[in-house]
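J.: Numbering (full-length UniProt numbering), first residue to last: 1 to 253. C-beta: ideal position from N, C-alpha, C; glycine also. Below is one structure. I have some questions about it.
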C-alpha cells in the first residue's frame, strides 16, 4: 500500500512541478519577466500543492511546536536541520518572506535556478572558500534590508535521522554580521520522506522550533549552542513515533 501511494504521490509531485514550471514561463514570454514577489508567491503555491498531496495521498501530516519563536514579519535568521526535500518546502508556508541559502549548483537546474534568483534566494559557491563567506554576508545584508527571513541549513546537505554532520560556520558569520538571534529548528522529516527515498511513509513530520540563540555571542559559542539545540531537539523527537510535547497540526488541506 505504501508503495502504491508513493507511486501516486511521486506522479503528483512531478506533475505539479511541471505545471508550475510551465506556468512560470507564461509571463516571461509576454512581459519583461517575473517580479520577485510573483516568483515567491508561485513557489509558495507549489509547496502548498505538494504538501497537500503528501497528506492526502501518503497520509503524511506535519506539525509545528515552538511557533511562538517564529517571526510574523521583519528580518530573521533561521537555522534548520536538514533531512529531506520537505525541509526546503515547509518554510515557504511558515514565514512571510523566506530567503533560502542554497548551493550555487542548484541554479543550473532549468527554470528552478531562474525562479530562485528571481525570488531573491541566496546562492553560495561552497568551493570558493573565503569568497563564499563574503558573498553570503553581502547577500545576507541585502536580505535583511528587504526584511526577509533567512533560512539556512548549517549541515550543508541532507542528513539521515540519527546521524550527525559537522555544522558549517556560515551561520555564525551571518549572526555576527546581521546582529540577529539564531532560531534553531529540529526535524524528523527523514523518517517519512527519506533522502533519495522513493517511498513516502505515513505519519507526522515534526518541526520543532527552539528558543532563539541571543545575538552578540562569540562565533564559537553560537556554534556550540546551535549544536546543542540540534542535539536536544533531535533527542526530543522520539524516532518515528512522535514528539513528547503537544504538537499543533499545520498540515495543508
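Can you give, in chain order, each stretch of the alpha helix (DSSP H) that sits fully within the region 68-95 and has at least 4 residues?
T.: Listed in chain order, the complete alpha helix (DSSP H) runs (minimum 4 residues) inside the region 68-95 are 86-94.
J.: Give a yes or no on whether the C-beta atoms belonging to residue 78 and residue 151 are separated by under 9 Å.
T.: Working through the chain shown from its first residue, we reach residue 78 at position 78. Working through the chain shown from its first residue, we reach residue 151 at position 151. Contact: yes.
J.: Sorted by chain position, which residues of the same chain lie with C-beta nearer than 6 Å to residue 170's C-beta, five sequence neighbours on each side aside?
T.: Locating residue 170 in the chain shown gives position 170, counting from the first residue. Once the five neighbours on either side are set aside, the close Cβ partners of residue 170 are 136.
J.: Between which two residues does the alpha helix (DSSP H) carrying residue 152 extend?
T.: The residue given as residue 152 occupies position 152 in the chain shown. Looking at the DSSP string, residue 152 is not in any alpha helix (DSSP H); the run it does join, the beta strand (DSSP E), is 149-152.
J.: Give me, in chain order, the residues of the same chain whose beta-carbon lies closer than 8 Å to that of residue 113; leave out the 5 immediate sequence neighbours on both sides.
T.: One-based indexing of the chain shown puts residue 113 at position 113. Cβ within range, chain order: 106 and 107.
J.: Going along the chain, which residues of its own chain have a beta-carbon closer than 7 Å to the beta-carbon of residue 199, five neighbours each way excluded?
T.: Residue mapping note: residue 199 aligns to position 199 of the chain shown, counting from 1. Answer for residue 199: 2, 3 and 6, listed in chain order.
J.: Kindly identify the DSSP beta-bridge partner or partners of residue 205.
T.: Here residue 205 is taken as the residue at index 205 of the chain shown, counted from 1. Residue 205 pairs with 62.
J.: Report yes if the CB atom of residue 208 is closer than 9 Å to the CB atom of residue 64, and no otherwise.
T.: Along the chain shown, read from residue 1 onward, the residue named residue 208 stands at position 208. Along the chain shown, read from residue 1 onward, the residue named residue 64 stands at position 64. Cβ distance < 9 Å, so residue 208 and residue 64 count as in contact.
J.: Do you know whose CA, among 205, 180, 231 and 220, lies nearest residue 74's CA?
T.: Position 74 of the chain shown holds residue 74. Answer by Cα proximity: 180.
J.: Should residue 14 go down as buried or exposed, given a rule of 16 or more other Cβ atoms within 10 Å for buried?
T.: Stepping through the chain shown from its first residue, residue 14 is reached at position 14. Classification for residue 14: exposed.
J.: Which residue from 219, 204, 186 and 60 puts its Cα closest to that of residue 176?
T.: To locate residue 176, count along the chain shown from 1; it is residue 176. For the residues 219, 204, 186 and 60, the minimum Cα distance to residue 176 belongs to 219.
J.: In three-state terms, what does DSSP make of residue 98?
T.: Within the chain shown, residue 98 is the residue found at index 98, counting from 1. Note: residue 98 maps to strand in three-state DSSP.
J.: Spatial neighbours of residue 229 within its chain, please: CB distance less than 6 Å, with the 5 preceding and 5 following residues excluded, ordered by chain position.
T.: Reading the chain shown from its first residue, position 229 is the one you call residue 229. Here the set comprises 184 and 210.
J.: Around the Cβ of residue 233, are there at least 16 other Cβ atoms within 10 angstroms (buried) or fewer (exposed)?
T.: In the chain shown, residue 233 corresponds to position 233, counting from 1. Flag for residue 233 reads buried.
J.: Sorted by chain position, which residues of the same chain lie with C-beta nearer than 7 Å to residue 121's C-beta, five sequence neighbours on each side aside?
T.: In the chain shown, counting from the first residue as 1, residue 121 sits at position 121. 99, 100 and 102.
J.: Buried or exposed: residue 23, going by 16 or more other Cβ atoms within 10 Å of its Cβ?
T.: Reading the chain shown from its first residue, position 23 is the one you call residue 23. Classification for residue 23: exposed.
J.: May I ask you to report which of helix, strand or coil DSSP gives residue 182?
T.: Counting from one through the chain shown, the residue named residue 182 turns up at place 182. Correct three-state label for residue 182: strand.
J.: Taking only three categories from DSSP, how would you classify residue 187?
T.: For the purposes of this step, residue 187 is identified with residue 187 of the chain shown, where counting begins at 1. Of the three classes helix, strand and coil, the one that applies to residue 187 here is strand, per DSSP.
J.: Between which two residues does the alpha helix (DSSP H) carrying residue 260 extend?
T.: Within the shown structure, residues of the chain are numbered from 1 to 253, placing residue 260 beyond reach of any answer.
J.: Report buried or exposed for residue 190, applying the criterion of at least 16 other Cβ atoms within 10 angstroms of its Cβ.
T.: Residue numbering aside, residue 190 sits at position 190 when the chain shown is read from its first letter. Classification of residue 190: buried, given that the 10 Å Cβ count is 16 or more.
J.: Please report the straight-line C-alpha distance between residue 119 and residue 193, rounded to a whole angstrom.
T.: For this step, residue 119 is matched to residue 119 along the chain shown. For this step, residue 193 is matched to residue 193 along the chain shown. Cα to Cα, residue 119 sits roughly 26 Å from residue 193.
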